[in-house]
Amino acid sequence: MSRALGAERWVALFLLVLSVSYGYFALELESLTLGRSEVLGPRTFPLVLAACGTLLSLVLLLRPRAPGATVPDGRWRGDWFSLVLVMGLMALYAVTLRPLGFFVATWFFLAASSWALGERRVKVLAGVCLAVVLVFELTIRTLLGLYVQDPVWELLGRVLSGR
Amino acid sequence: MLEGILQGLDTLLDPLNLLMVLTGCLAGTLIGMLPGLGPISAIALMIPVTYGLDPASALILMAGVYYGAVFGGSTSSILINAPGVAGTVATTFDGYPMARRGEAGRALAIAAYSSFTGGTVAAVFLLLAAPGLALVSLSFQSPEYFALTVLGLAAISAFAQPGQMAKAWMMAIVGLMLATVGQDVASDVPRFTFGRVELLDGLSFLLLAMATFALSEALMSVLQPPSQEDEGTRSRRGIGSLRLARDDLRQMAPAVGRSSVLGFFIGVLPGAGATLASFLAYAVEKSLAPARRKAEFGRGSVAGLAAPEAANNAASSGSFVPLLTLGIPGSGTTAVMLGALISFGVQPGPRLLVDRPEVFWSVILSMYLGNLVLLFLNLPMIPYLARLLAVPSQLLVPLILFFSLVGVYLVSWSALDLVLMIAIAFGALLLRRLDYPMPPLVLGFVLGPLMEENLRRSLILHDNRLSFLWHRPATATLLVVTLGVLTLPLWQSRVRAQGSPR
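If you're matching them up, the sequences are chains S and Z in order.
Each number in our numbering corresponds to the 1-based position in the first sequence with 4 added.
Each number in our numbering corresponds to the 1-based position in the second sequence with 531 added.
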């Protein structure tokens, strides 16, 4: 239980740091020059926000826990391993989209994430994901008229048209 | 007004727009049925699709997705006790027990008819009230707008998380902070860009909306997958007949009537939405029910199912009122819609009625059509749609992740944006676990520029003095209401302290 309480304070602390640094960077903003009386310049609104944010995060950080309030059990329970794995796969997908092309990158992503989440049937991993990618790429190119960089698709196109 | 209606009808009957209604309702229903994805995520996922459309079609599509999602949420509430949408939690109270008795079909039919009535009644009110309200709001000037944005933020923070107003406000402030990133409109000073050119236009609204809703909810279901029991239940149970008995209709009618009206007015209020409306309607019907019926509530009561269903649809339509007439979103969902509209170059608000009447009216009319579509097309298709729930989550979740990522990629073509999305989605997941609500964040992000701009103009108009806050009666009234909303928890605890023990 105290672990969850700790998490609350950490987040509040993070928000405090965020507000204070936001305010710091706001102060660095150039204000309208030439000595014009400036009531609402580029830094006014941010400064107000920084002040409110600092105040609120202090409240969240320091306020005593309400008596009788309980932290729900199992709040942090869960499949963190899969979560991190899936997030890593998504980052990988983002990075490989351009070099590998839409077709390969998407197919790999769908298959790998399904596998990561427990799917083991090879037919599904290969077949269904392939079908999805095909449908998608077709839709994107024809219906939406967008061009997605994809060497495999070009290759397929050439092969199918017999060139 | 008749001229406007005809104009709207003309726009609506365009084949593309008709297709938009159909697609929206269908897609919304599918997405709403998936536990974890709600109307906000559904709409966020649709935004990339709307980029090729003109504003009227885009708004019609998004509106269709909205009700579709609420409708779909009811379906999963009834069938598997997993509300797809917060506004359908109250539906589980009596819908699921009915389904467990093997009367799922009856429950679905009750829900469908109630939703239809609620939505139609609200659409009628909208049709009658909106132009009047729009004309009134033409007299609104910058001070009133400023006060209204403050009220909108206050209201959504107050209602978003009962008892956790500090957290909701904090999220609103973070949203406002995020909105200041970019080039300041008035002075062209780059703010918080750290020298990066990509940030000059500010943070992408689409990215933020997708990351904080669709993506983080999908990640949540990776972290805590739906229980095995639910999956087994889905395939085993049959649906049963979709017919209703006369007695059912007789029980439904008064409940639906009252709940529709209640739902509409609650939906109009900024901050309150379908969720609040459905709970309130349930409570009202329960207290109004005669003794013999009261015991049925929670066990499969017809009125107990009909009331929240009518109310949540009515509230969904009602929440369009502030958006269309004042340009101020009243909820997270309409905030996302507003963000999308602004990126099309359409500024909802009183000028919408005057400058782009075809957008204004066609959206309202599309609500009628959408309700009809939901009733006649969706209801018979439920058995097939329910099959979707049987798709194992190992495949479904990667698909959702893929949609979210691709949606953003097709617009920005930046791998960095995708990585940023992942980071934001993870942050949102952590925050949600700690009870920090996301709608205030999105609302703050969308309202931020409006707020700052109107404050700036008000100050310029009033010689840099803050006196405009109390000199203008409308502004003062709005601010008083805001204060009332902010101190709501104090009133509530006082009432509770004085109330009789239960």
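A virtual CB, placed ideally from N, CA and C, is assigned to each residue, including glycine.
{"Asked": "Unbroken alpha helix (DSSP H) run spanning Z/Asn-843, endpoints", "Found": "833-849"}
{"Asked": "Z/Ser-847 CB to nearest heavy atom of the ligand FAD below 7 Å", "Found": "Absence of the ligand FAD is noted for the structure shown, with no ligands found whatsoever."}
{"Asked": "Residues sharing a beta bridge with Z/Pro-721, DSSP", "Found": "Z/Gln-714"}
{"Asked": "Boundaries (first-last residue) of the alpha helix (DSSP H) holding S/Thr-100", "Found": "84-120"}
{"Asked": "Contact with chain Z by S/Tyr-28, beta-carbon distance below 8 Å", "Found": "no"}
{"Asked": "Three-state class that DSSP yields for Z/Gln-672 in the structure shown", "Found": "coil"}
{"Asked": "Helix, strand or coil at Z/His-1002 according to DSSP, with G and I counted as helix", "Found": "helix"}
{"Asked": "Member of Z/Arg-631, Z/Arg-789, Z/Met-551 and Z/Gly-958 whose CA lies at the smallest distance from the CA of Z/Met-593", "Found": "Z/Met-551"}
{"Asked": "Cα-Cα separation between S/Leu-134 and S/Gly-161, rounded to whole angstroms", "Found": "16 Å"}
{"Asked": "is_contact[Z/Phe-1073, chain S] using C-beta, thresh 8 Å", "Found": "Here chain Z covers residues 532 to 1033 and nothing more, so residue 1073 of chain Z does not appear."}
{"Asked": "Cutoff 8 Å: Z/Asp-715 Cβ touching any chain S Cβ", "Found": "yes"}
{"Asked": "Selected residue, minimal CA-CA separation from Z/Phe-796, among Z/Met-741, Z/Thr-865 and Z/Ala-653", "Found": "Z/Ala-653"}
{"Asked": "Top-ranked residue by Cα proximity to Z/Leu-707, from S/Ala-16, S/Trp-14 and S/Ala-54", "Found": "S/Ala-54"}
{"Asked": "Nearest-angstrom Cα separation, counted from Z/Ala-841 out to Z/Ile-895", "Found": "18 Å"}
{"Asked": "Boundaries (first-last residue) of the alpha helix (DSSP H) holding Z/Gly-563", "Found": "546-564"}
{"Asked": "Own chain partners of Z/Ala-621 with C-beta closer than 6 Å, once the 5 adjacent residues on each side are dropped", "Found": "Ser-809, Phe-810, Tyr-813 and Pro-839"}
{"Asked": "Local conformation of Z/Gly-733 per DSSP, three classes", "Found": "coil"}
{"Asked": "Unbroken stretches of the alpha helix (DSSP H), 4 residues or longer, contained in the region 959-995 of chain Z", "Found": "970-992"}
{"Asked": "Sub-8 Å separation of Z/Gly-804 and Z/Ser-848 beta-carbons", "Found": "no"}
{"Asked": "Contact with chain S by Z/Glu-983, beta-carbon distance below 8 Å", "Found": "yes"}
{"Asked": "Element boundaries [alpha helix (DSSP H), containing Z/Tyr-627]", "Found": "620-629"}
{"Asked": "Within-8 Å CB hit, Z/Leu-540 to chain S", "Found": "no"}
{"Asked": "Test item: CB-CB of Z/Phe-891 and Z/Leu-883 under 8 Å", "Found": "yes"}
{"Asked": "Within-8 Å CB hit, Z/Met-969 to chain S", "Found": "no"}
{"Asked": "Own chain, CB closer than 7 Å to Z/Ala-742, minus 5 neighbours either side, in chain order", "Found": "Met-952, Ile-955, Ala-956 and Ala-959"}
{"Asked": "Chain-ordered chain Z contacts of S/Trp-84 [CB-CB under 9 Å]", "Found": "Leu-754"}
{"Asked": "Contact list for the region 722-738 of chain Z against chain B, Cβ threshold 8 Å", "Found": "You won't find chain B in this structure, because its protein chains are S and Z."}
{"Asked": "Simplified DSSP state of Z/Ala-862, which is helix, strand or coil", "Found": "A small fix is needed here, since residue 862 of chain Z is Ser in this sequence, not Ala. In the structure shown, Z/Ser-862 sits in coil (DSSP, three-state: anything other than H, G, I, E or B)."}
{"Asked": "Nearest to S/Ala-11 (by Cα), restricted to the options S/Leu-64, S/Ser-23 and S/Thr-58", "Found": "S/Leu-64"}
{"Asked": "Among Z/Leu-664, Z/Tyr-644 and Z/Ala-635, nearest to Z/Phe-851 - alpha-carbon criterion", "Found": "Z/Leu-664"}
{"Asked": "Given S/Leu-87 as reference, the closest of Z/Met-969, Z/Leu-941, Z/Ser-935 and Z/Val-928 once Cα atoms are compared", "Found": "Z/Val-928"}
{"Asked": "Check whether Z/Val-599 and Z/Leu-855 have beta carbons under 8 Å apart", "Found": "The sequence shown places Gly at residue 599 of chain Z, rather than the Val named in the question. No, the pair does not count as a contact, with Cβ atoms beyond the cut-off."}
{"Asked": "Under the three-state DSSP convention, the category Z/Glu-827 falls into", "Found": "coil"}
{"Asked": "Contact under 8 Å by Cβ, Z/Ser-935 with Z/Leu-576", "Found": "yes"}
{"Asked": "Exposed unless 16 or more other CB atoms sit within 10 angstroms - verdict on Z/Val-716", "Found": "exposed"}
{"Asked": "Classification of S/Glu-123 by the beta-carbon crowding that lies within 10 angstroms, buried from 16 upward", "Found": "buried"}
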